[in-house]
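Participant:
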Amino acid sequence: MDDSSVSEKEEDSRPSDITVFAESCTLHGISHIFLPGGVTVRRMLWACAFLMSLSIFLYQVYDRITFYTEYHHVTTLDEMDSPLMTFPAISFCNYNRFRKTQVTKNDLYWMGALLGVKPPDYSKFLETIGQNSDFSKFFPTQTFDMKGFFDRAGHQVETMLLDCRYRSQECGAENFTTVSQQGGWGWGVGERLEEAESGGWGEV
Numbered sequence: 001m002d003d004s005s006v007s008e009k010e011e012d013s014r015p016s017d018i019t020v021f022a023e024s025c026t027l028h029g030i031s032h033i034f035l036p037g038g039v040t041v042r043r044m045l046w047a048c049a050f051l052m053s054l055s056i057f058l059y060q061v062y063d064r065i066t067f068y069t070e071y072h073h074v075t076t077l078d079e080m081d082s083p084l085m086t087f088p089a090i091s092f093c094n095y096n097r098f099r100k101t102q103v104t105k106n107d108l109y110w111m112g113a114l115l116g117v118k119p120p121d122y123s124k125f126l127e128t129i130g131q132n133s134d135f136s137k138f139f140p141t142q143t144f145d146m147k148g149f150f151d152r153a154g155h156q157v158e159t160m161l162l163d164c165r166y167r168s169q170e171c172g173a174e175n176f177t178t179v180s181q182q183g184g185w186g187w188g189v190g191e192r193l194e195e196a197e198s199g200g201w202g203e204v
């Protein structure tokens with residue numbers, strides 16, 4: 001027997017590339033289909049099971065993609081009749097917490113940092129709002145009334161409320177209650193006003 005015959009037999013006994021791939025592939029079942037040797041009943045059964053599973057998978061993928069591209073809309077509506085409904089409180093506030101035109105020298109002394117004005121800029125700030133900027137004879141108070149400052153320099157509901165109708169009836173500033181919001185005053189009206197006092201900013 002010569003060397004060429006031995007080499008041909010060795011090449012014939014080597015597994016094919018697809019067999020090598022199937023042995024290392026993690027796809028379930030494929031390693032039982034592509035095996036060395038001829039076709040057997042066991043390999044045919046595995047092939048049928050594999051093709052059936054692949055077909056079902058591809059069908060489900062196609063079905064879901066088709067369903068998604070149809071863009072179905074589902075709306076659920078619950079209707080309830082009631083002679084009287086309790087609406088949540090309506091509140092509104094001004095994002096500008098203070099009116100600069102109402103700020104005084106004493107306010108700047110105590111509240112300058114909160115107002116965003118540094119001490120070197122006090123005089124320039126007062127000149128901008130049309131007030132006397134001379135601090136030579138200024139003496140700050142010993143204490144500072146924060147609530148009084150909010151009441152005086154804060155925005156007033158009378159100047160902010162342009163029109164109001166509540167439950168088809170005219171309303172005015174006298175119908176609103178002052179509520180404490182984030183860093184300033186707000187005004188609310190409604191049966192559930194206590195919830196508005198503990199909530200965040202509201203807009204109308």
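Numbering (UniProt numbering), first residue to last: 1 to 204. Backbone N, C-alpha and C fix where the C-beta goes; we use that ideal spot for every residue, glycine too. Predicted, not measured: the structure shown is a model, and the values here were computed from it.
(1) Just to confirm, are residue 99 and residue 153 a CB contact at a threshold of 8 Å?
(2) In its own chain, which residues sit with a C-beta less than 7 Å from the C-beta of residue 206, not counting the 5 before and 5 after it?
(3) For residue 68, name the three-state secondary structure that DSSP assigns.
(4) Per DSSP, what kind of secondary structure is residue 61 in: helix, strand or coil?
(5) Would you report the Cα separation of residue 200 and residue 28, rounded to the nearest angstrom?
(6) Ends of the beta strand (DSSP E) at residue 91?
(7) Taking its Cβ as the centre, do 16 or more other Cβ atoms sit within 10 Å of residue 82, making it buried, or is it exposed?
(8) Check whether the Cβ atoms of residue 179 and residue 123 lie closer than 8 Å to each other.
(9) Which of helix, strand or coil does DSSP assign to residue 77?
Facilitator: In terms of the structure at hand:
(1) Here residue 99 refers to the residue found at position 99 of the sequence shown. Here residue 153 refers to the residue found at position 153 of the sequence shown. Yes. Within cutoff.
(2) One cannot answer for residue 206 here, as it falls past the ends of the chain, which runs 1 to 204.
(3) As a position in the sequence shown, residue 68 is number 68, starting the count at 1. In this structure, residue 68 counts as helix in the three-state DSSP scheme.
(4) Within the sequence shown, residue 61 is the residue found at index 61, counting from 1. Looking at residue 61 - three-state DSSP - the assignment turns out to be helix.
(5) If you number the sequence shown from 1, residue 200 lands on position 200. If you number the sequence shown from 1, residue 28 lands on position 28. No answer about residue 200 holds up, because its pLDDT of 40 lies below 50 and its placement is not dependable.
(6) One-based indexing of the sequence shown puts residue 91 at position 91. Looking at the DSSP string, the run of the beta strand (DSSP E) that includes residue 91 is 90-93.
(7) To locate residue 82, count along the sequence shown from 1; it is residue 82. Exposed, because fewer than 16 other Cβ atoms sit within 10 Å of the Cβ of residue 82.
(8) For the purposes of this step, residue 179 is taken as the residue at position 179 of the sequence shown. For the purposes of this step, residue 123 is taken as the residue at position 123 of the sequence shown. Cβ distance not < 8 Å, so residue 179 and residue 123 don't count as in contact.
(9) Here residue 77 is taken as the residue at index 77 of the sequence shown, counted from 1. Residue state, collapsed to three classes: coil.
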